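Undergrad: In the numbering used here, the protein residues as written are 2 to 400. Glycine is no exception: its CB is placed at the ideal position from the N, C-alpha and C atoms. These numbers come from a predicted model, not from an experiment.
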Amino acid sequence: MSDTPTPYHINSEGYYGEFGGAFIPEMLYPNVEQLRLQYEAILSDPGFQEEFHQLLKDYVGRPTPLYHARRLSAHYGCRIYLKREDLCHTGAHKINNTIGQILLAKRLGKKRIIAETGAGQHGVATATVCALMGMECVVYMGEIDIRRQAPNVARMKMLGASVVPAISGSRTLKDATNEAIRDWIQHPTDTHYIIGSVVGPHPYPDLVARFQSVISQEVQIQLQEQENRSYPDYLVACVGGGSNAAGLFYHYLDQDQVSIIAAEAAGEGITSGKSAATSALGKIGIIHGSKTLLMQSEDGQITEPYSISAGLDYPGVGPMHAHLFKSKRADFISITDQEAMQAALKLTQLEGIIPAIESAHALAVLEQRKFEEHQVVVLNLSGRGDKDLATYMEFYNLK
Numbered sequence: 002m003s004d005t006p007t008p009y010h011i012n013s014e015g016y017y018g019e020f021g022g023a024f025i026p027e028m029l030y031p032n033v034e035q036l037r038l039q040y041e042a043i044l045s046d047p048g049f050q051e052e053f054h055q056l057l058k059d060y061v062g063r064p065t066p067l068y069h070a071r072r073l074s075a076h077y078g079c080r081i082y083l084k085r086e087d088l089c090h091t092g093a094h095k096i097n098n099t100i101g102q103i104l105l106a107k108r109l110g111k112k113r114i115i116a117e118t119g120a121g122q123h124g125v126a127t128a129t130v131c132a133l134m135g136m137e138c139v140v141y142m143g144e145i146d147i148r149r150q151a152p153n154v155a156r157m158k159m160l161g162a163s164v165v166p167a168i169s170g171s172r173t174l175k176d177a178t179n180e181a182i183r184d185w186i187q188h189p190t191d192t193h194y195i196i197g198s199v200v201g202p203h204p205y206p207d208l209v210a211r212f213q214s215v216i217s218q219e220v221q222i223q224l225q226e227q228e229n230r231s232y233p234d235y236l237v238a239c240v241g242g243g244s245n246a247a248g249l250f251y252h253y254l255d256q257d258q259v260s261i262i263a264a265e266a267a268g269e270g271i272t273s274g275k276s277a278a279t280s281a282l283g284k285i286g287i288i289h290g291s292k293t294l295l296m297q298s299e300d301g302q303i304t305e306p307y308s309i310s311a312g313l314d315y316p317g318v319g320p321m322h323a324h325l326f327k328s329k330r331a332d333f334i335s336i337t338d339q340e341a342m343q344a345a346l347k348l349t350q351l352e353g354i355i356p357a358i359e360s361a362h363a364l365a366v367l368e369q370r371k372f373e374e375h376q377v378v379v380l381n382l383s384g385r386g387d388k389d390l391a392t393y394m395e396f397y398n399l400k
């Protein structure tokens, strides 16, 4: 990291503008400090990079295609490309980060892995790499999410992970993260916490963004091949914590000719009381060790988020995205459950691709924004919809 960073990347103190940092209990300090002091040297080691990229190629299945969605493009009157992260092993972009962090954990001498998960994709990806590397795995998941993401829970258990329900609060992603942090405090020496998004104390937001930046790195090459230029006019991705978005945006953050759109979950409506629209409802505060934007009451209590999408059901947003919003580098658009579900059906019936409900929030942006015929829009299809079939069946009465 440079001491004179570009405006949208992290600085040497672990901040994106005014957001970021490490606000952690004293008992967690040794864990986080060990990671902070060693992660850059480990990531820059040629042996680490070689092993990481070999696994991305041979195990994950990278590079993922940049697919020109011709029927979708014709419908919306522009050139739409889908970055097919849904074709990664385990069905989402999450595996990029877990491969990187498991290799990092091994080099730090850790023997046990813990993780949090909402939609279950990060839990599955963590359980997968733990099976690959022969490491103990414990995944914390909200009790409500365990019910609505049963197929992913079964996959984690098949892979040998222990799935522990979080039964406090809203019993969703926020509470699963709280439980994972408590576990880490109790196991400071032998355990590495694989955070699944660009949230948490420094260096996690930067660490996860770097591992996910392979997405935008590939887009640059693929666009050059297909459009004879390395950049699009627009990038579109859904944002909960925001790891898939960070990966898509990463190499374009300082390219002003590229417009960035982040889709967040409005649930039943921004003012409904059942929403996760952090940019619209959030104020500056601290959650899970990071200063960022989060939904909170007048007296600073975190308010419960809601989204039909388990992966976007989070009351905050990663500090990179908080900075992109505050600096106006990115436009944040709030998408309701209804809008996301309709966008999912449209993609399915126009292109034969069933998306994760998280990704469907990004797809719904196409209904809200008008693009020109010549403009190139790259949209991150962050996960596939297998895990959400029960929700789709209920919503569309497909039983």
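Should residue 217 and residue 174 be called a contact, given that it needs their Cβ atoms to be closer than 8 Å?
TA: Indexing the sequence shown from 1 puts residue 217 at position 216. Indexing the sequence shown from 1 puts residue 174 at position 173. Cβ distance not < 8 Å, so residue 217 and residue 174 don't count as in contact.
Undergrad: If I measure Cβ to Cβ from residue 191 and keep anything under 8 Å in the same chain, skipping five residues before and after, which residues do I get?
TA: One-based indexing of the sequence shown puts residue 191 at position 190. For residue 191, where only same-chain residues beyond five positions count, the Cβ hits under 8 Å are 111, 112 and 113.
Undergrad: Who pairs with residue 361 in a beta bridge, going by DSSP?
TA: As a first step, residue 361 must be located in the sequence shown, where it is residue number 360. According to the DSSP secondary-structure assignment, residue 361 is paired through a beta bridge with no residue.
Undergrad: Report yes if the CB atom of residue 103 is closer than 8 Å to the CB atom of residue 134, and no otherwise.
TA: What you label residue 103 is simply residue 102 of the sequence shown in a count that begins at 1. What you label residue 134 is simply residue 133 of the sequence shown in a count that begins at 1. Yes.
Undergrad: Pairs of beta-carbons, one from the region 40-48 and one from the region 311-327, closer than 8 Å: are there three or more?
TA: no
Undergrad: Using only CA atoms, which one of 394, 59 and 384 lies nearest to residue 84?
TA: Sequence index remark: in the sequence shown, residue 84 carries index 83 (1-based). Here the closest residue by C-alpha is 384.
Undergrad: Taking the C-alpha atoms as reference points, what is the distance between residue 259 and residue 321?
TA: Along the sequence shown, one-based indexing puts residue 259 at 258. Along the sequence shown, one-based indexing puts residue 321 at 320. Distance between the alpha carbons of residue 259 and residue 321 is about 17 Å.
Undergrad: Comparing alpha-carbon positions, which option in 189, 241 and 360 lies nearest residue 28?
TA: To locate residue 28, count along the sequence shown from 1; it is residue 27. Residue 28 has its Cα closest to that of 189, out of 189, 241 and 360.
Undergrad: By how many angstroms is the C-alpha of residue 198 removed from the C-alpha of residue 9?
TA: Here residue 9 refers to the residue found at position 8 of the sequence shown. Here residue 198 refers to the residue found at position 197 of the sequence shown. The straight-line gap from Cα to Cα measures roughly 18 Å.
Undergrad: Could you check where the alpha helix (DSSP H) with residue 284 kicks off and where it finishes?
TA: The count along the sequence shown starts at 1 and reaches residue 284 at position 283. It is not in any alpha helix (DSSP H) - residue 284 instead sits in the beta strand (DSSP E) that spans 284-288.
Undergrad: Just to check my reading of the structure: residue 89 and residue 121 have Cβ atoms closer than 8 Å, yes? What is that Cβ distance to the nearest angstrom?
TA: Along the sequence shown, one-based indexing puts residue 89 at 88. Along the sequence shown, one-based indexing puts residue 121 at 120. With 8 Å as the limit, residue 89 and residue 121 do not qualify as a contact, their Cβ atoms being about 15 Å apart.
Undergrad: Let me know if residue 4 comes out buried or exposed under the rule of 16 or more other beta-carbons within 10 Å of its beta-carbon.
TA: Numbered from 1 along the sequence shown, position 3 holds the residue referred to as residue 4. The predicted model places residue 4 with a pLDDT of 46, which falls under 50 and marks its position as unreliable; any figure quoted below should be read in that light. It is exposed - the Cβ of residue 4 has fewer than 16 other Cβ atoms within 10 Å.
Undergrad: So, using beta-carbon positions, are residue 276 and residue 283 closer together than 8 Å?
TA: Residue mapping note: residue 276 aligns to position 275 of the sequence shown, counting from 1. Residue mapping note: residue 283 aligns to position 282 of the sequence shown, counting from 1. Contact flag unset, no.
Undergrad: List the whole-angstrom C-beta distance separating residue 286 from residue 301, where the pair is believed to meet the contact cut-off of C-beta under 8 Å.
TA: By 1-based counting over the sequence shown, the position of residue 286 is 285. By 1-based counting over the sequence shown, the position of residue 301 is 300. Confirmed, Cβ separation roughly 6 Å.
Undergrad: Helix or strand or just coil, what does DSSP make of residue 205?
TA: The sequence position of residue 205 within the sequence shown is 204, counting from 1. Helix at residue 205.
Undergrad: Which residue comes first and which comes last in the alpha helix (DSSP H) that contains residue 84?
TA: In the sequence shown, counting from the first residue as 1, residue 84 sits at position 83. Run containing residue 84: none in the alpha helix (DSSP H); it sits in the beta strand (DSSP E), 80-85.
Undergrad: Apart from the five residues just before and just after residue 244, which ones in its own chain have a Cβ nearer than 8 Å to its Cβ?
TA: On the sequence shown, position 243 is the one that residue 244 refers to. So the qualifying residues of the chain are 94, 95, 98, 197, 198, 199, 209, 210, 213 and 319.
Undergrad: Does residue 394 pass the burial test, meaning 16 or more other C-beta atoms within 10 Å, or should it be called exposed?
TA: Taking the sequence shown and counting its residues from 1, one reaches residue 394 at position 393. By the neighbour-count rule (16 or more Cβ atoms within 10 Å), residue 394 is not buried but exposed.
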